[in-house]
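Encoded as structure tokens, the structure appears first; notes follow it.
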Amino acid sequence: GQNIDQPTEMTATEGAIVQINCTYQTSGFNGLFWYQQHAGEAPTFLSYNVLDGLEEKGRFSSFLSRSKGYSYLLLKELQMKDSASYLCAVIFNDYKLSFGAGTTVTVRA
Amino acid sequence: EAGVTQFPSHSVIEKGQTVTLRCDPISGHDNLYWYRRVMGKEIKFLLHFVKESKQDESGMPNNRFLAERTGGTYSTLKVQPAELEDSGVYFCASSPHNNEQFFGPGTRLTVL
Chain Z
3 GQNIDQPTEM TATEGAIVQI NCTYQTSGFN GLFWYQQHAG EAPTFLSYNV LDGLEEKGRF
63 SSFLSRSKGY SYLLLKELQM KDSASYLCAV IFNDYKLSFG AGTTVTVRA
Chain E
931 EAGVTQFPSH SVIEKGQTVT LRCDPISGHD NLYWYRRVMG KEIKFLLHFV KESKQDESGM
991 PNNRFLAERT GGTYSTLKVQ PAELEDSGVY FCASSPHNNE QFFGPGTRLT VL
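These protein sequence lines map, in sequence, to chains Z and E.
Throughout the first sequence, residue numbering follows the working numbering, covering 3 to 111 in sequence.
Throughout the second sequence, residue numbering follows the working numbering, covering 931 to 1042 in sequence.
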């Protein structure tokens, strides 16, 4: 199977840091994506990890450990506009994306 | 550069009717994917085109769903006849190669 697990909800304060974890089954792994989705809009690309380690892109960073089947998305200096659903998606050998259920992040003032 | 577009944005139909969803991928993207999100569930893969050929249609729920991509440009997804459980948001995505996929805004389908 390709079970992709991530927490359902997280809440944080403006200016804080939040880490969203994602675990997946490692067989056939080809890469991991993080997407941001605001209500009623399309998922938008945030990051892509295929090798182990940390990828930093501005306020957002993504980490991958292939041996552990684990990734996290780190959001720093949270802003109100970061309130959204964050989707962990894994691409396996068949090239189709398998999505987690998404983590709804709520940023409070 | 125009992104992936989908039409219509919303569709409300009655059970038993037919609906056709359209997706225009980013120009030059050979790969086109259809996904669906039903309420409370994760986004799930439906099928994958490479140009006009169906590469993988393992996610299509049943034979009431028919996807086409004539000429390898835009794609249509027809649901005939629609059932209540078909309600959800249908996303289309395209990619030039088999990694990053660019998503359209989705079509919200409601079957009454």
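Just so it is clear, CB atoms sit at the ideal spot from N, CA and C, and this is done for glycine as well.
Can you find the residues in the same chain that come closer than 6 Å, C-beta to C-beta, to residue i, ignoring five residues on each side of it along the sequence?
{"i": "ALA44/Z", "result": "none"}
{"i": "PHE101/Z", "result": "LEU89, ALA91"}
{"i": "GLU11/Z", "result": "THR106"}
{"i": "HIS188/Z", "result": "Look at the range of chain Z in this structure, 3 to 111, and you will see that residue 188/Z is not part of it."}
{"i": "GLY104/Z", "result": "SER87, LEU89"}
{"i": "THR1006/E", "result": "THR950, ARG952, GLU998"}
{"i": "GLU110/Z", "result": "According to the sequence as given, residue 110/Z is Arg; it is not Glu. So the qualifying residues of the chain are THR15."}
{"i": "ARG967/E", "result": "ILE973, GLY1018, VAL1019"}
{"i": "LYS1008/E", "result": "THR950, LEU996"}
Which residues in chain Z sit within 8 Å of residue i, going by Cβ to Cβ distance?
{"i": "TYR963/E", "result": "LYS98, LEU99"}
{"i": "ASP986/E", "result": "ASP96, TYR97, LYS98"}
{"i": "GLY1018/E", "result": "Within chain Z, no residue comes near GLY1018/E; the closest Cβ sits about 13 Å away, beyond 8 Å."}
{"i": "GLU982/E", "result": "None at all; the shortest Cβ gap to chain Z is about 17 Å."}
{"i": "PHE1021/E", "result": "ALA44, PRO45"}
What in chain Z is Cβ-close to residue i, meaning under 7 Å?
{"i": "ASN1057/E", "result": "The structure shown has nothing for residue 1057/E, since chain E only spans 931 to 1042."}
{"i": "PHE995/E", "result": "By Cβ distance, chain Z contributes nothing, its closest Cβ being about 16 Å from PHE995/E, past 7 Å."}
Within the same chain, show all residues whose beta-carbon is closer than 7 Å to that of residue i, passing over the 5 residues directly before and after it, in chain order.
{"i": "PHE31/Z", "result": "ARG68, VAL92, PHE94"}
{"i": "SER63/Z", "result": "LEU56, GLU57, LEU76"}
{"i": "GLU54/Z", "result": "Checking the sequence, you will find Asp at residue 54/Z rather than Glu. LEU66, SER67, ARG68, listed in sequence order."}
Determine the chain Z residues that contact residue i at a beta-carbon separation under 9 Å, and present them in chain order.
{"i": "HIS978/E", "result": "ASP96, TYR97, LYS98"}
{"i": "PRO1035/E", "result": "GLY42, GLU43, ALA44"}
From which residue to which residue does the beta strand (DSSP E) around residue i run?
{"i": "HIS940/E", "result": "940–943"}
{"i": "GLY55/Z", "result": "55–59"}
{"i": "VAL20/Z", "result": "20–26"}
{"i": "GLU11/Z", "result": "11–15"}
{"i": "GLY33/Z", "result": "31–39"}
{"i": "SER67/Z", "result": "62–67"}
{"i": "ALA111/Z", "result": "Neither: ALA111/Z is in no beta strand (DSSP E) and is coded neither H nor E."}
{"i": "ILE956/E", "result": "From DSSP, ILE956/E is part of no beta strand (DSSP E); its letter is neither H nor E."}
{"i": "LEU76/Z", "result": "72–77"}
Which same chain residues end up closer than 8 Å to residue i when comparing Cβ atoms and leaving out the 5 residues on each side of it in sequence?
{"i": "CYS23/Z", "result": "In the sequence on display, residue 23/Z carries Asn and not Cys. Excluding positions up to five away in sequence, the list reads GLN8, PRO9, TYR72, SER73, TYR74."}
{"i": "ILE943/E", "result": "VAL949, ALA1012, LEU1039, THR1040, VAL1041, LEU1042"}
{"i": "GLY958/E", "result": "PRO1026"}
List, in order along the chain, the chain E residues whose C-beta lies closer than 8 Å to that of residue i?
{"i": "ALA86/Z", "result": "Going along chain E, no residue has its Cβ under 8 Å from ALA86/Z, so there is no contact; the nearest lies around 14 Å."}
Item to check | Residues within the stretch 28–52 of chain Z neighbouring chain E, beta-carbon criterion of under 9 Å | outcome: ASN32, GLY33, PHE35, TYR37, GLN39, GLY42, GLU43, ALA44, PRO45, THR46, PHE47, TYR50, VAL52
Item to check | Segments assigned beta strand (DSSP E), at least 3 residues, entirely inside the stretch 977–1042 of chain E | outcome: 983–986, 995–998, 1005–1009, 1018–1025, 1037–1041
Item to check | Under 9 Å (Cβ pairs) to chain Z, residues found in the stretch 945–975 of chain E | outcome: ASN961, TYR963, TYR965, ARG967, GLY970, LYS971, GLU972, ILE973, LYS974, PHE975
Next on the checklist: Output needed in chain order: residues of the stretch 50–82 of chain Z with a Cβ under 7 Å from some Cβ in chain E.
Outcome noted: TYR50
Item to check | Near-chain Z residues of the stretch 1002–1017 of chain E (beta-carbon distance less than 9 Å), N- to C-terminal order | outcome: none
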